[in-house]
Structures are given as structure tokens and as C-alpha cells.
Amino acid sequence: GWGLYRAGRSLESLQRFDSYFNAGGQDTSGHLGRGWASLALSQNAKASVSFLAALNMGINADAHTGLGYLALSENRNEDAEFEFKAALAIAPSYAVALSGLSTLKFQQTKIVSDGWNSYWKGDYESALQSCSDQLGHAAETKNAAAEDCRGWSLLSLGRYEQAKEAFESALKIDPGFFY
14 GWGLYRAGRS LESLQRFDSY FNAGGQDTSG HLGRGWASLA LSQNAKASVS
64 FLAALNMGIN ADAHTGLGYL ALSENRNEDA EFEFKAALAI APSYAVALSG
114 LSTLKFQQTK IVSDGWNSYW KGDYESALQS CSDQLGHAAE TKNAAAEDCR
164 GWSLLSLGRY EQAKEAFESA LKIDPGFFY
């Protein structure tokens, strides 16, 4: 099943894992494989059951990561962050969980994409204005991206004390925001 999954043949992989369980298999690896294959096929309910079954067998960073990606696919960002952090508490360098958390944090920057577009063009005043315009929405959603964007814009404008304040505000909102 795992070989088929890694070859991008998720449906055949899922069928193989299902056959394994129908024959009486119960290993954690089977639950994880069925979870990942189900998730790849957008069979979220089956993926959830499989990842939870793996967790019921013991502490497992991969099961938490799978639940994180499942939550991410359903736009349940708080749940996704919880699961990715749970995985990283078990295995701090687990690349798949780090990637999931990074994806989640990157999604938060969408509200300031116009600001970043201006920033990368060297128009720091426009970037600052655009990012500042998003402060209210960002505060409502506890999103540090607007303050982070403001900080970089202010830094580029040579307004160092204000930049420091913006970065500190961002860290108060979300100490784990990827900068």
C-alpha cells in the first residue's frame, strides 16, 4: 500500500490498505497509510477515522500531522495548527509537520498580498499603507501578518523604532508566526 501511495497511485493504495484490514491487519502503519491515501482522495471522513485509529494505538507524530492536513483541507485552521504543533512536540524536526505549519502560516499572509507586492517593487510607502489598511481585519482574526508586513515596510523606510514596535505587536498577536 505504501509503495502505491508514494507512486501517486492513491486509489490503488487505499484498496490495498482496505484489503489488509479486511484480512485482519491492525498495524499502526496500515492505519496511517489508509489515512494518507484517503486524504489524497478527499475521503476526509475515512482519513479521520484512520488517523484517529493510529493515535489510539499510541503517540504518533504522523497521525497528528495527517489530522493537521485534514483540518487544513477543511479550512479548520485552529485545529490544523493544534495538530501540527502536537506532531512537532513529539518530533520537533518532522519535516511534514513543519511544512504543514508553514503552509498554514503562509496562508495568513494573503490579507497583505497587495502590501507585499508593493514592497517587492520597492514602493515601501504603498506597502505600509496597504498593510496598515488590513490591521482591523487582522486583529479580528488574530493574524500577525499585517503587523509583520508593516514592520518590514517601516524598516525599509528607515523608521526603525516604529518597525520594532510593529514586530513586537506581531509577536504579541502570534509568537509562532513564521517571519
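Residues 14 to 192, numbered by my numbering, are exactly what the sequence shown covers, in order. Don't be surprised by glycine CBs; every beta carbon is placed ideally from N, CA and C.
For residue i, the nearest candidate out of the options (CA to CA)
i	options	result
Gly79	Asp31, Asn156 and Ser63	Ser63
Tyr137	Ser23, Ile72, Ala176 and Glu181	Ala176
Gly48	Glu181, His77, Leu170 and Asn90	His77
Ala74	Asn90, Leu52 and Leu45	Leu45
Gly16	Ala66, Ser42 and Ser143	Ser42
Ile103	Trp129, Gly71 and Ser86	Gly71
Ala183	Tyr173, Leu167, Arg172 and Ala158	Ala158
Gln121	Ser106, Ala60, Leu85 and Leu101	Leu85
Leu148	Asn130, Ser169 and Ala179	Ala179
Ala67	Gly81, Gln39, Ser143 and Glu87	Gln39
Asn156	Lys185, Asn69 and Leu141	Lys185
Extent of the continuous alpha helix (DSSP H) run through residue i
i	result
Phe180	Tyr173 to Ile186
Ser131	Ser126 to Trp133
Tyr82	Ala74 to Ser86
Phe119	Ala108 to Gln120
Ser141	It is Leu, not Ser, that sits at residue 141 in the sequence shown. Unbroken alpha helix (DSSP H) run through Leu141: Tyr137 to Asp146.
Arg89	Looking at the DSSP string, Arg89 is not in any alpha helix (DSSP H), and its letter there is neither H nor E.
Gly164	Ala158 to Ser169
Ser61	Asn57 to Asn69
Residue i CB to nearest heavy atom of the ligand MG below 7 Å
i	result
Trp15	Absent from the structure shown: the ligand MG. Ligands present: none.
- Query: Does the region 116 to 134 come close enough to the region 155 to 164 to have 3 or more Cβ pairs within less than 8 Å?
  - Reply: yes
- Query: Three or more beta-carbon pairs under 8 Å between the region 45 to 64 and the region 21 to 30, yes or no?
  - Reply: yes
- For the 8 Å Cβ check, are there 3 or more pairs between the region 79 to 95 and the region 111 to 118? yes
- Jot down the residue ranges of each uninterrupted alpha helix (DSSP H) in the region 20 to 47, minimum 4 residues, whole runs only, in chain order. 23 to 35
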